[in-house]
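Here is the structure we will look at, set down as structure tokens.
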Amino acid sequence: MTRLKLDKITQYIAAQRPGYSLAQAFYKDVDVYQAEIEHIFLKHWLYAGHASQIPLAGDYFTFDFDTESVIIARTASGDVKAHMNVCRHRGSKICLEPSGSQKSLTCPYHAWNYNLDGQLISARNMPDDFDRSQNGLHKVNVALLHGLIFVCLSKEPPSLSALQNELDEVFELFGFNNMKLAEKKSYRIPANWKLAVENYQECYHCAPSHPEFAQIHAMAKPPKVFQMAKSDFAQANQGQPKFKQLNRYFDLAEVGQEGYQYDRNPLLRNALSGSAGGKPVAPLLGSIQEYDGGASELMIGPLSYFLIYDDHMLGYRFLPNSVDECICDVSWYVNESAVQGKDYQLEQLTWLWDVTTQADKKIIMNNQKGVDSRYYQPGRLSEMEHFQQSFLTWYLKTLAE
Amino acid sequence: MTRLKLDKITQYIAAQRPGYSLAQAFYKDVDVYQAEIEHIFLKHWLYAGHASQIPLAGDYFTFDFDTESVIIARTASGDVKAHMNVCRHRGSKICLEPSGSQKSLTCPYHAWNYNLDGQLISARNMPDDFDRSQNGLHKVNVALLHGLIFVCLSKEPPSLSALQNELDEVFELFGFNNMKLAEKKSYRIPANWKLAVENYQECYHCAPSHPEFAQIHAMAKPPKVFQMAKSDFAQANQGQPKFKQLNRYFDLAEVGQEGYQYDRNPLLRNALSGSAGGKPVAPLLGSIQEYDGGASELMIGPLSYFLIYDDHMLGYRFLPNSVDECICDVSWYVNESAVQGKDYQLEQLTWLWDVTTQADKKIIMNNQKGVDSRYYQPGRLSEMEHFQQSFLTWYLKTLAE
Amino acid sequence: MTRLKLDKITQYIAAQRPGYSLAQAFYKDVDVYQAEIEHIFLKHWLYAGHASQIPLAGDYFTFDFDTESVIIARTASGDVKAHMNVCRHRGSKICLEPSGSQKSLTCPYHAWNYNLDGQLISARNMPDDFDRSQNGLHKVNVALLHGLIFVCLSKEPPSLSALQNELDEVFELFGFNNMKLAEKKSYRIPANWKLAVENYQECYHCAPSHPEFAQIHAMAKPPKVFQMAKSDFAQANQGQPKFKQLNRYFDLAEVGQEGYQYDRNPLLRNALSGSAGGKPVAPLLGSIQEYDGGASELMIGPLSYFLIYDDHMLGYRFLPNSVDECICDVSWYVNESAVQGKDYQLEQLTWLWDVTTQADKKIIMNNQKGVDSRYYQPGRLSEMEHFQQSFLTWYLKTLAE
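Below is the structure:
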């Protein structure tokens, strides 16, 4: 990025008023967007999927954002490896399908062949001094967190050690290793990715915008009501690992460590799960023995969010396509032994968050339309937007680095 | 706008040859487009609609161009007020539908609630020091000209006093206050807005391009033939207010006053109205007693044009979406007491100018395609393009300001 | 183009490593694209069509790329003339249809009328001092190569004399003057035009990507196998004009001369033509007496390629729409006396190269996707990409001029 562009972004950051929504330029300027890709999306751990999606050697799926595509594959030795989906010859995409199974990776253009560890195995008719060992696929860092697959495109990824230590018990409890992906939906949103992330980060809009959610989640209540319900809920379950409170998100993360957050919140009206009427929708997860009327919020890295009911889990991620379009991918996980049609029905499982995400898509689009106006000016944030405020503080600092 | 961009535009203006069509850059350069929005669309009065569209308290419609959206509403006290359609919290659009009826304006995102005068009435869970009185919607100036609603986004709009004094009689005569909107059509044109405005401003193209129009309007004839017919027509009706000639358009407007123009032109072959065969299509307007075989041209501000037959009126406006796309909105007005299906048929009423505008849309698109060529060079304007020439002179001066 | 942009392009060129595919910027930077239009597309001879498409006076077709459109017409005197499709008045496109027949060219906007030699014949109501003789259509150079129509938008086109001298015999042999266009298909490819051209220039991808082609063409074999087959084929037919070898392409062209190349290659498995099973698909071309089991490659100028079987010829051209989209136009020519349905079937005639071009479209799109990645890096070219390498060397030199 040129000095001129960097100076411009530095000025935007300096002009931003704390406690207020971001200025228009952060949502529209292509140079800001490029800086975000470099400073955020290429440097942090991103939630790509779950090991259950690639059980066998040769199984792979791709993970795409902006102009990038990553191949995540199970190798012959059973490891999960990730590489850029870009041939080292003339740059063609190698895996064209979003998932599949291949003994090795053959570029569809000139048939250069790589093994699942990314090594170039064969390349026809190359000059004698061509060195295959220097032409493997670009490696991408992979981390497996009890089955959850994270990737980081940076060569020096932030450490996951604090997160792993503190969340280990939670991963065990809910059986992250023994989940399977039941359904995945992609919501294409014609808006800047931050408007989508910010929307996820605050429940100030839940009461007016999400009647289905607000009937079940105490979080949609005014702050005082919610905090009282939460504190009662926590006290009744004191000491249980499910009720841990881990606040290492954004500016609260230690230097060099990836941020994270974990928390359990009460549901309303004896709801047991995130579903129509709060009814159970699948067998209990992991070593959970009974419904406790709560749901856990889990954040791993700045862009990946999980919502854990006793009988299913949702994975949320927000990925940019361009400065003015993003994708919200929602995944529904259940116990790996649960049988679709028998132990759970897809429609019941996905109803609440499909309805809610569709409503959010509309909200976010209309937010973008207003932000595009010359008359938009950053507005004061409410008390219920403190988590978003924490994200914005971190975002501005990270962009400035 | 940066100094570099301003210098570039200044150079374009200096290089423009009088009496010739505009250079390519004026139709393609995004920086010119942004300067146009600032110097023209945000500073002048724009025709938004008619009071009959919002008869009751709470009725509203939106008026959109480029990235802007304005809410025009009838307040509890019966006034017409206009505000930017942008929430002061995080910027969401507030009114999502193009028209409707609301007791107050509630943002669909976090339910901030404004009254129709734009005051912020409620905002949940805001910090104690949050001042609602400082967070009303941005006000937009409104002018009612005998029922026609104009808005101006500038805080210092040009004066309408000269226009109101001189046109008052005309407004009265045709009963502008007692019209109603019979039909409205939007024509999306993939071309720069000026190509659409210029097309409207000259009748050099009428004879070859608009056989339907040319059969009825003397204006499509060669200048000498037309001027003779017009002068005969004016003499036969001398002294009547219908036959006023007001030439205060573009560079002829007084400093600080919005420009305007009024004129009456003869129809051909005993035509009485702008319709198939020149036949009447609706009850006479206002206090008009009989058909006189003429039609009035009315311009109010640089971008709004009206064509007044004895029995109906058309409103034309040209609004940009982006540098290479504009909207031409055509509205058909009739006497408010006329009953659709009985006193007038929509198809007969709208036929002539729907056919003509569709033909113009094609012409304008093909004009843009040619202007996009590296081999386009500004061409000499004909005698029949003098009004367009007047617009171009004003345009260049206004852009330079 | 500004000094800043030129410097940037100069740096790109300097950084490019010989023997490797181009850096990303060459495929994505809009300024590079504009330089390419100026230095390549506006300066070289482009294959527009064939004289058989406009047999009669008044017949015309248009030839379009990027923002440009050229009218190619048969004049009253029987000549083929070309002019820019841009009216000298306000710039409208004149010919809106891709082909037709007109006694003269009348602009659809204001009816300015030009004869087929481009002279402005009439323009209504222009000022007295308007000089029609100065307002003819912009002329475009035309060259007829035995029926093939080439245009060059530059006022100083490269010379075609060397090419004409050396290829004359070939044109005669295959009866270029007595061909007719049997079919034409346009393939819109969302990729930079160079990725499409490079794809055409190498057969390294033929074996893995084009089974239909590889069954018939020896060229798809590894270099040593192919060279041996070719040399055997040449020796068996020594001295025949069909077996000329003309290598004046790209950097091998003489200064001031347009580049060209001609070569004959063997087919496989007794194939006689480029078709399913290598079966004949049309009457023999020109003065060809019998099938020889070969196919000729012909390049005329840097962007136009022909493939000549004994019974039909294909014309290929690659034209850019924008930096990230191009068109591949494929034309099938047969002997002018051949009767469709009787002497040839369109489906049989077009099958091989329709299948092959559709496969190439996919390949090229996926190449662009990978090239768009931040992790794309130019890769080493193989021995089978030497012709492409020659193009790249010329391209970099031409862009730098």
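Chains as they are written, first to last, in this note's numbering: chain A, 7 to 407; chain B, 7 to 407; chain C, 7 to 407. The C-beta atom is built at its ideal place from N, Cα and C for all residues, glycine as well.
Item to complete: Please list the partners that GLU74/A has in chain C, where partner means a Cβ-to-Cβ separation under 8 Å.
Response: SER379, ARG380, TYR381
Fill in: Proximity of LEU291/B and MET319/B at Cβ, strictly below 8 Å
yes
Fill in: 8 Å Cβ cutoff, MET132/B in contact with chain A
yes
Worksheet entry | Per-residue burial, VAL231/B [other beta carbons within 10 Å of its own, 16 or more giving buried] | exposed
Worksheet item: How far does the alpha helix (DSSP H) with LYS87/B in it reach, from first residue to last?
Response: Careful: LYS87/B lies outside any alpha helix (DSSP H), inside the beta strand (DSSP E) at 86 to 90.
Fill in: CB contact flag (LEU405/B, ALA41/B, <8 Å)
yes
Worksheet item: Which bits of chain B does GLY106/C rub up against, with CB to CB less than 9 Å?
Response: Simply none; closest approach about 15 Å.
Item to complete: At 7 Å on the CB atoms, spell out the chain C contacts of LEU102/A, in chain order.
Response: ASN372
Fill in: Terminal residues of the beta strand (DSSP E) in which GLU331/C lies
331 to 341
Discussion item. Could you compute how far the alpha carbon of ASN296/A sits from the alpha carbon of LEU187/A?
Written reply: According to the sequence provided, residue 296/A is Glu. The question's Asn does not apply to it. Looking at the two C-alpha atoms, the distance is approximately 22 Å.
Item to complete: Note down, in chain order, every chain E residue with its Cβ under 7 Å from the Cβ of ARG138/B.
Response: Chain labels in this structure do not include chain E; the protein chains are A, B and C.
Worksheet entry | Euclidean distance between Cα positions of ASP316/A and LYS348/A | 18 Å
Item to complete: Measure the C-alpha to C-alpha separation of SER279/A and PRO217/A and round it to an integer number of angstroms.
Response: 16 Å
Discussion item. Looking at chain B, is there any beta carbon in it that lies within less than 8 Å of the beta carbon of ALA117/C?
Written reply: yes
Worksheet item: Are any of the Cβ atoms in chain C nearer than 8 Å to that of GLY385/B?
Response: yes
Practice prompt. For the beta strand (DSSP E) holding GLY280/B, just list the boundary residues, first then last.
Written response: Here GLY280/B belongs to no beta strand (DSSP E), and DSSP marks it neither H nor E.
Practice prompt. Within 10 angstroms of the Cβ of THR363/C, are there 16 or more other Cβ atoms? Answer buried if so, exposed if not.
Written response: buried
Practice prompt. Would you list the residues sitting across from THR68/C in a DSSP beta bridge?
Written response: ILE77/C
Fill in: Reference GLN267/A, options LEU169/A, TYR18/A, ASP335/A, ASN184/A, closest by Cα
LEU169/A
Discussion item. Between LYS375/B and chain C, is the shortest Cβ-Cβ distance under 8 Å, so that the two count as touching?
Written reply: yes
Worksheet item: At which residue ranges does the region 214 to 290 of chain A contain complete alpha helix (DSSP H) runs of 4 or more residues, listed in the order of the chain?
Response: 217 to 220, 229 to 242
Worksheet entry | Where the beta strand (DSSP E) containing LEU150/C begins and where it ends | 145 to 151
Discussion item. With a threshold of 6 Å on Cβ separation, who are the neighbours of GLY97/C within its own chain once the five nearest residues in sequence on each side are excluded?
Written reply: none
Discussion item. Extract the residue ranges of the beta strand (DSSP E) inside the region 111 to 182 of chain A, only unbroken runs of 3 or more that lie entirely within it.
Written reply: 126 to 128, 145 to 151, 154 to 158
Discussion item. Which residues in chain A have a C-beta closer than 8 Å to the C-beta of MET90/B? List them in chain order.
Written reply: SER379, TYR381
Worksheet item: Does the beta carbon of MET390/A come closer than 8 Å to any beta carbon on chain B?
Response: yes
Worksheet entry | For ASN183/A and TYR339/A, the rounded distance between their alpha carbons | 11 Å
Item to complete: Using alpha carbons as the reference points, say which of MET225/C, ASP298/C, PHE324/C lies closest to ASN276/C.
Response: ASP298/C
Discussion item. Within the continuous alpha helix (DSSP H) that includes TYR33/C, where are the two ends?
Written reply: 31 to 34
Discussion item. By DSSP's criteria, GLY55/C is part of a beta bridge. Which residues make up the other side?
Written reply: ILE155/C
Worksheet entry | Beta-carbon proximity check, MET234/A vs VAL146/A, cutoff 8 Å | no
Item to complete: Tell me, to the nearest whole angstrom, how far the beta carbon of CYS332/B is from that of ALA197/B; I am working on the premise that it is less than 8 Å.
Response: 7 Å
Worksheet item: So the beta strand (DSSP E) ILE195/C belongs to, where does it begin and stop?
Response: 185 to 195
Item to complete: Spell out whether any CB of chain C is found under 8 Å from the CB atom of SER128/A.
Response: no
Worksheet item: Got a sec: is the Cβ-Cβ distance from PRO308/A to anything in chain B below 8 Å?
Response: no
Fill in: Element boundaries [beta strand (DSSP E), containing GLU303/A]
300 to 306
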